[in-house]
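The numbering used here applies: residue 10 is where the sequence shown begins, and numbers increase by one.
Reviewing the structure listed below.
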Amino acid sequence: MRPLFVDPDIRKAETLPASFYRDKTMFEDTREAIFSRWWQYAGDVPDPAHTDNVIPFTLLPDFLDEPLLRTKSVAGDWRVLSNVCTHRGTILVQDPGRYRQIACPYHGRCFQLDGTFKSMPAFKEALDFPRPEDHLPSVAMEEWLGLFFVALDPAVPFREVVGPIQDYVGFLPLDTLQYDPAQSRDFAVKSHWALYCDNYLEGLHIPFVHPALNEAIDFNAYEYHQFPYCNLQVGIADPGQPSFDLPPGHPDAGRAIYAYYFWVYPNLMFNFYPWGLSLNIVEPKSRDTCLVRFRTYTFRGTEFDRSVNAIDETELEDETVVEQVQRGIQSRLYRTGRFSPKMEPNVHHFHRLLAADINAYQ
Ligand code: FES
Ligand SMILES: [Fe+2]
């Protein structure tokens, strides 16, 4: 396959070719080239009073489909382990619960909660056993904002990815974020996952697609910033709209900021508002479908402001337009497009990262 090329000079660059969104092999390649290497959301850190100490989960169901386990040590630390037995590979744990050890239901191999091999019937005669490979593999895991993140084969350390976000939002009461299930929803979208991200990464469509949002923010003042593995769109509040109370010394001190829209390569969106965080996770399902999970977290003492932010309305508007792109990009008459240097630098950033990863893999 020909390498992908996205010119570093946005003024000359073309967008990723339509084949990136259409080819079956390209979609398959993104699984190992991108999603197994970059940090993924892996659930919320349970409340300390929560009694389950072993929680099975699947990382990116239907795509990575990696069976994993969160386990909690007696000291209270969480770790993430493989949920696959090191003997003949069955799934170890089906249900969350309070466990003293992890016992395989197939032939009885047992592991400590930290994944260390403990015992196995009928293996006394086995030579060089147990080896390090007989322990459960442990997976790189980080906690941030009360959320777990894992990477199966981390491309870079987590802090290098999200460090710039912390610099902007560190003044907020991040340790008080509380999940609000009533304001959280999953949306099944009929598009390639990267088309959904492309749309998120530019505000050029706001006046055309989001009339209500366009009333709340100053479209012309919209700003774009790129960092190594994440980028930011800054929404400037129109007069009378809610905005952050920024401390002196903050990069935007003195300005009326409506929202910080951070995107983390390849598929996570952290939208910070004065009331809290809207986390969006774009999960690839197939070449032409994805699941977009909207999870709402509010700062203790504040309430999700539905009237102002109208997340559902904005999401449905985005979904409609992205599904039209999914149809259009199949056209025999469409090959590639160009970027608006003023309004699409974050899409350009995304395409550059994708091209680099895919080319390094092929
Ligand atoms: S597969 Fe687990 S003990 Fe055999
Ligand atoms: Fe949008």
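For every residue, glycine included, the Cβ atom is placed at its ideal position computed from N, Cα and C.
Helix, strand or coil at residue i according to DSSP, with G and I counted as helix
i, result
"E23", "strand"
"R302", "strand"
"A164", "coil"
"V15", "coil"
"R174", "Before going further, note that residue 174 is Ile rather than Arg in the sequence given. The answer is helix: DSSP assigns I174 an H, G or I state."
"Q235", "strand"
"F196", "strand"
"C206", "helix"
"T185", "helix"
"A365", "helix"
"F308", "strand"
"A376", "Not covered by the structure: residue 376. The range shown for the chain is 10 to 371."
"E326", "helix"
"F359", "helix"
"F157", "strand"
"E353", "coil"
"A149", "strand"
"I111", "strand"
"A131", "coil"
"Q242", "strand"
"E211", "coil"
"F217", "helix"
Straight-line gap, residue i to residue j (C-alpha atoms, nearest Å)
i, j, result
"E41", "G249", "47 Å"
"G123", "P57", "Checking the sequence, you will find Asp at residue 123 rather than Gly. Taking the straight line joining both Cα atoms gives about 18 Å."
"L13", "L213", "25 Å"
"G155", "D53", "6 Å"
"R309", "G285", "9 Å"
"R118", "V356", "49 Å"
"Y163", "Q339", "First, the amino acid is wrong: residue 163 is Pro here, not Tyr. About 33 Å."
"N280", "F303", "10 Å"
"S147", "K21", "44 Å"
"H259", "N92", "43 Å"
"F189", "L288", "Residue identity check: residue 189 is Asp in the sequence provided, not Phe. Their backbone Cα atoms lie some 11 Å apart in a straight line."
"L255", "Y231", "18 Å"
"F120", "F66", "18 Å"
"H159", "E151", "Note that residue 159 corresponds to Val in the displayed sequence, not to His. Distance between the alpha carbons of V159 and E151: 6 Å."
"M352", "A191", "34 Å"
"L136", "E142", "14 Å"
"T34", "D366", "14 Å"
"R336", "T329", "11 Å"
"V218", "E211", "12 Å"
"V273", "P70", "20 Å"
"T311", "F253", "13 Å"
"G263", "I245", "12 Å"
"E37", "T185", "39 Å"
"R194", "V63", "26 Å"
"W153", "R341", "44 Å"
"F271", "D207", "13 Å"
"Y370", "R46", "11 Å"
"P173", "T307", "21 Å"
"K81", "I215", "44 Å"
"D247", "S295", "39 Å"
"V102", "Y343", "48 Å"
Residue i vs residue j beta-carbon contact at 8 Å
i, j, result
"Y238", "V165", "yes"
"L277", "I290", "yes"
"L161", "T323", "no"
"L78", "L90", "yes"
"Y209", "V243", "no"
"P354", "Y205", "no"
"A149", "L363", "no"
"H360", "D297", "no"
"A197", "L300", "yes"
"H358", "Q235", "yes"
"P293", "F72", "yes"
"Y282", "L241", "no"
"P17", "D61", "no"
"I43", "P275", "yes"
"E332", "K199", "yes"
C-beta neighbour in chain C for residue i, strict 8 Å
i, result
"P105", "Absence of chain C from the displayed structure is noted, only one protein chain being present."
Identify every run of the alpha helix (DSSP H) within the region 25-106, keeping only runs that are complete inside it and at least 4 residues long; order them along the chain. Within the region 25-106, the complete alpha helix (DSSP H) runs of at least 4 residues are 27-31 and 33-39.
Quick test of the definition: if touching needs 3 or more C-beta pairs under 8 Å, does the region 227-236 touch the region 332-350? Result no; under three Cβ-Cβ pairs closer than 8 Å.
3 or more residues per run - each beta strand (DSSP E) lying fully within the region 253-285: If you keep only unbroken beta strand (DSSP E) runs of at least 3 residues inside the region 253-285, you get 266-273 and 277-282.
Determine contact between the region 177-185 and the region 97-107, defined as no fewer than three beta-carbon pairs at a distance below 8 Å. no
Meets three-Cβ-pair contact criterion under 8 Å: the region 123-133 and the region 18-29: Counting C-beta pairs closer than 8 Å gives fewer than three between the region 123-133 and the region 18-29, which falls short of the contact rule.
Within 8 Å, do at least three Cβ pairs link the region 167-175 to the region 101-121? Touching, no, given that fewer than three Cβ pairs across the two stretches are closer than 8 Å.
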